[in-house]
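Notes follow the structure.
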Amino acid sequence: DQQVKQNSPSLSVQEGRISILNCDYTNSMFDYFLWYKKYPAEGPTFLISISSIKDKNEDGRFTVFLNKSAKHLSLHIVPSQPGDSAVYFCAASASSNTGKLIFGQGTTLQVKP
Amino acid sequence: NAGVTQTPKFRVLKTGQSMTLLCAQDMNHEYMYWYRQDPGMGLRLIHYSVGEGTTAKGEVPDGYNVSRLKKQNFLLGLESAAPSQTSVYFCASRRQGYQPQHFGDGTRLSIL
Numbered sequence: 366d367q368q369v370k371q372n373s374p375s376l377s378v379q380e381g382r383i384s385i386l387n388c389d390y391t392n393s394m395f396d397y398f399l400w401y402k403k404y405p406a407e408g409p410t411f412l413i414s415i416s417s418i419k420d421k422n423e424d425g426r427f428t429v430f431l432n433k434s435a436k437h438l439s440l441h442i443v444p445s446q447p448g449d450s451a452v453y454f455c456a457a458s459a460s461s462n463t464g465k466l467i468f469g470q471g472t473t474l475q476v477k478p
Numbered sequence: 073n074a075g076v077t078q079t080p081k082f083r084v085l086k087t088g089q090s091m092t093l094l095c096a097q098d099m100n101h102e103y104m105y106w107y108r109q110d111p112g113m114g115l116r117l118i119h120y121s122v123g124e125g126t127t128a129k130g131e132v133p134d135g136y137n138v139s140r141l142k143k144q145n146f147l148l149g150l151e152s153a154a155p156s157q158t159s160v161y162f163c164a165s166r167r168q169g170y171q172p173q174h175f176g177d178g179t180r181l182s183i184l
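Here it is in structure tokens:
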């Protein structure tokens, strides 16, 4: 039973346009959500997070939206840049006491110049 | 500031051999985690630690053991390596509260 799903394995966008990456979850106990970016041969790098008491969090070009009723979150990147090309993972946690994360499968974003 | 450092970066083992992967963090974080990543899949939690001297099982703990004798180090052991344990292993750490985990660059392990 996959509790966190990223249904799009890949996404290709033009430089300067918006990239929208999506993530769905099933566990209503999740209260903290994160997005990580991963380049080949490197570890995941934290991008942005959101707690369940909010529906939007913004950091520069990155915005995360949370729709609790739909159990859906999305990451918007505006404007997209070639350096944003990477694998993006969403992750969710149900307990700040342990901090255990459940990851989605990842979406590979390609930003074309 | 090194952050999270994993040793070694690459290793090839034969079935049945044992080895230990080392994770060291210099951020004074309480919590540490070991994940594995397989092709087409997200990271899956193997074991984790909420403080020095404590460890607990994650999603996929079978075939692995861990120890956290010092706050800054978290060791992952394979007692008898199996081909199914071929994977990329990531270590992470974080502070208390709603804080992100910070990851090392991984150990690529192949078991023949």
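From first to last, the protein sequence lines stand for chains F and W.
Taking this note's numbering, the leading residue of the first sequence gets 366, the next gets one more, and so forth.
Taking this note's numbering, the leading residue of the second sequence gets 73, the next gets one more, and so forth.
Using N, Cα and C, we set each Cβ at its ideal position, and we do this for glycine too.
Do you know how far the Cα of residue j is from the Cα of residue i?
i                 : j                 : result
Ser484 of chain F : Phe427 of chain F : Because chain F spans 366 through 478 in this model, residue 484 of chain F falls outside it and cannot be assessed.
Lys143 of chain W : Phe175 of chain W : 16 Å
Ser384 of chain F : Thr473 of chain F : 11 Å
Lys81 of chain W  : Met113 of chain W : 20 Å
Thr179 of chain W : Gly130 of chain W : 19 Å
Gln109 of chain W : Cys95 of chain W  : 16 Å
Ser159 of chain W : Gln173 of chain W : 20 Å
Lys86 of chain W  : Tyr107 of chain W : 21 Å
Leu181 of chain W : Gly471 of chain F : 21 Å
Val443 of chain F : Lys421 of chain F : 15 Å
Val476 of chain F : His437 of chain F : 24 Å
Asp424 of chain F : Phe411 of chain F : 12 Å
Val84 of chain W  : Tyr103 of chain W : 29 Å
Cys388 of chain F : Leu115 of chain W : 15 Å
Ser373 of chain F : Asn462 of chain F : 31 Å
Lys433 of chain F : Cys455 of chain F : 15 Å
Tyr161 of chain W : Gly381 of chain F : 34 Å
Val76 of chain W  : Cys163 of chain W : 7 Å
Gly448 of chain F : Leu117 of chain W : 28 Å
Val132 of chain W : Leu376 of chain F : 29 Å
Gln89 of chain W  : Phe146 of chain W : 20 Å
Pro155 of chain W : Asp134 of chain W : 14 Å
Pro478 of chain F : Pro111 of chain W : 27 Å
Let me know if residue i comes out buried or exposed under the rule of 16 or more other beta-carbons within 10 Å of its beta-carbon.
i                 : result
Tyr404 of chain F : exposed
Ile415 of chain F : buried
Leu386 of chain F : buried
Lys402 of chain F : buried
Gln78 of chain W  : buried
Gly464 of chain F : buried
Asp165 of chain W : Note that residue 165 of chain W is Ser in the sequence shown, not Asp. Looking at its Cβ environment, which holds 16 or more other Cβ atoms inside 10 Å, Ser165 of chain W is buried.
Ala153 of chain W : buried
Gly123 of chain W : exposed
Pro409 of chain F : buried
Gln168 of chain W : exposed
Gln379 of chain F : exposed
Residue i and residue j: beta carbons closer than 7 Å?
i                 : j                 : result
Tyr390 of chain F : Tyr170 of chain W : no
Gly469 of chain F : Gln371 of chain F : yes
Tyr120 of chain W : Tyr105 of chain W : yes
Leu93 of chain W  : Leu148 of chain W : yes
Met91 of chain W  : Leu150 of chain W : yes
Ile467 of chain F : Ala451 of chain F : no
Val429 of chain F : Ile418 of chain F : no
Asp177 of chain W : Glu407 of chain F : yes
Return the Cβ separation of residue i and residue j in integer angstroms, given the expectation that the two are a contact with Cβ distance under 8 Å.
i                 : j                 : result
Trp400 of chain F : Leu431 of chain F : Incorrect: roughly 11 Å between the Cβ atoms, too far for contact.
Met394 of chain F : Ala435 of chain F : Met394 of chain F to Ala435 of chain F, Cβ: 16 Å. No contact.
Thr127 of chain W : Ser139 of chain W : 7 Å
Consider the C-beta atom of residue i and the heavy atoms of the ligand FAD; say whether any pair is separated by less than 6 Å.
i                 : result
Ser414 of chain F : By its list of ligands, the structure shown contains no ligand whatsoever, and the ligand FAD lies outside what it can speak to.
Is there a Cβ from chain C that is less than 7 Å from the Cβ of residue i?
i                : result
Gly75 of chain W : Reference to chain C is not applicable here, since the protein chains of this structure are F and W.
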